[in-house]
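Peer 1: Just dropping this structure here.
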Amino acid sequence: KAGVTQTPRYLIKTRGQQVTLSCSPISGHRSVSWYQQTPGQGLQFLFEYFSETQRNKGNFPGRFSGRQFSNSRSEMNVSTLELGDSALYLCASSLEQGFYGYTFGSGTRLTVV
Amino acid sequence: SQQGEEDPQALSIQEGENATMNCSYKTSINNLQWYRQNSGRGLVHLILIRSNEREKHSGRLRVTLDTSKKSSSLLITASRAADTASYFCATERGNTPLVFGKGTRLSVIA
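Chains as they are written, first to last, in my numbering: chain C, 1030 to 1142; chain L, 3 to 112.
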């Protein structure tokens, strides 16, 4: 079966712009989580959606937002980009918490210049 | 915030040797998971061990969990060059999100 698909794979944006990243989870998975990975901070949780509702939110500024659609696909948006937003953004989907682990996509590498 | 702390931060071994990585965490958990990441790609789920389990095996992987010490270890036996990657432990508790440690970078030299 198809894995978690993230698009685009690479992105270069200018400071002040906004960006939208997309994630298609494994078919049947209703939970989608987003993580930011940087060399300095490691893997930081952004938010989690379950059946179109945000279930958890990490400690990130309001410039970071997300949503989930009825087909479980998710998008995250970052507005007013800063240099420090340069990171690998990873999306993960899960069938059910606590039993199966998470399947991650290959990530979107965002560079802000 | 990081819940898990992996030790060591980096490990270099010869092919065929065993690799052991440790993870310590701070709060009670429902389960602990190990993931592998190759060169800035996505994470691959390796194994999940529940809080009521003490040991779990999967192929060349062996994971132990000691909830009294809030620690876990991942053993990779007979390492191969293809095992070169970063390994992360992650804890799950209730409906809170998965929390990752900073990882161990494993280099297996052929």
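Where a beta carbon is used, it is the ideal one built from N, C-alpha and C, also for glycine.
#1: Between Y1078/C and chain L, is there a C-beta pair that is closer than 8 Å?
#2: Given that a residue counts as buried once 16 or more other Cβ atoms are within 10 Å of its Cβ, and exposed if not, what is P1054/C?
#3: With a 10 Å radius around its C-beta and 16 neighbouring C-beta atoms as the bar for buried, classify P99/L as buried or exposed.
#4: DSSP has E8/L in a bridge; who is on the other side?
#5: Does N24/L have its Cβ less than 8 Å from a Cβ in chain C?
#6: For the structure I just gave you, are there three or more beta carbon pairs, one from the stretch 66-73 of chain L and one from the stretch 1085-1099 of chain C, closer than 8 Å?
#7: Please confirm if G1135/C has its CB atom under 8 Å from at least one CB of chain L.
#8: Helix, strand or coil, according to DSSP, for L1124/C in the structure here?
#9: Buried or exposed, going by whether 16 or more other CB atoms sit within 10 Å of the CB of T1137/C?
#10: Beta carbon of A83/L, beta carbon of V46/L: below 8 Å?
#11: Name the chain L residues whose beta carbon is nearer than 7 Å to that of Y1131/C?
#12: Is the Cβ of V65/L closer than 8 Å to any Cβ of chain C?
#13: Could you check how far apart the C-beta atoms of R95/L and N32/L are, in whole angstroms? I think they sit under 8 Å.
#14: Counting only beta-carbon atoms, is V1061/C nearer than 8 Å to chain L?
#15: Near Q35/L, which residues of its chain fall below 6 Å by C-beta distance, leaving aside the five closest residues on each side in sequence?
#16: When you compare the CB positions of S1060/C and F1079/C, do they come within less than 8 Å of one another, or not?
#17: Using a Cβ-Cβ distance cut-off of 8 Å, determine whether L1072/C contacts chain L.
#18: Grouping DSSP H, G and I as helix and E and B as strand, with all else coil, what is A80/L?
#19: In chain order, what residues of the same chain lie with their CB nearer than 7 Å to the CB of S3/L, ignoring the 5 residues before and after it?
Peer 2: On the basis of the coordinates in this document:
#1: Residue contact with chain L for Y1078/C: absent (no Cβ-Cβ distance below 8 Å to any residue of chain L).
#2: Burial of P1054/C is indicated by the presence of at least 16 other C-beta atoms within 10 angstroms of its C-beta.
#3: Around the Cβ of P99/L, a 10 Å sphere holds 16 or more other Cβ atoms; the residue is buried.
#4: DSSP output for E8/L lists C25/L as bridge partner(s).
#5: Not one beta carbon of chain C lies nearer than 8 Å to the beta carbon of N24/L.
#6: No, the stretch 66-73 of chain L is not in contact with the stretch 1085-1099 of chain C.
#7: According to the sequence as given, residue 1135/C is Ser; it is not Gly. Yes, S1135/C lies at the interface with chain L (some Cβ there is under 8 Å from its Cβ).
#8: In the three-state reduction of the DSSP assignment, L1124/C falls in the coil class, being assigned neither a helical nor a strand state.
#9: Answer is buried; the Cβ neighbour count reaches 16.
#10: In this structure, V46/L does not lie closer than 8 Å to A83/L by Cβ.
#11: For Y1131/C, the C-beta contacts it makes with chain L under 7 Å involve H47 and L100, in order along the chain.
#12: V65/L does not count as touching chain C.
#13: That belief holds up - the Cβ atoms of R95/L and N32/L are roughly 5 Å apart, short of 8 Å.
#14: Cβ-Cβ to chain L under 8 Å: no for V1061/C.
#15: By the criterion of a C-beta distance shorter than 6 Å, Q35/L is surrounded in its chain by L50 and A92, once the five residues flanking it on both sides are discounted.
#16: For S1060/C and F1079/C, yes; Cβs fall inside 8 Å.
#17: It does; some Cβ of chain L falls within 8 Å.
#18: In the structure shown, A80/L sits in coil (DSSP, three-state: anything other than H, G, I, E or B).
#19: Residue confidence for S3/L is low, a pLDDT of 48 falling below 50, so the modelled location carries little weight and cannot support an answer.
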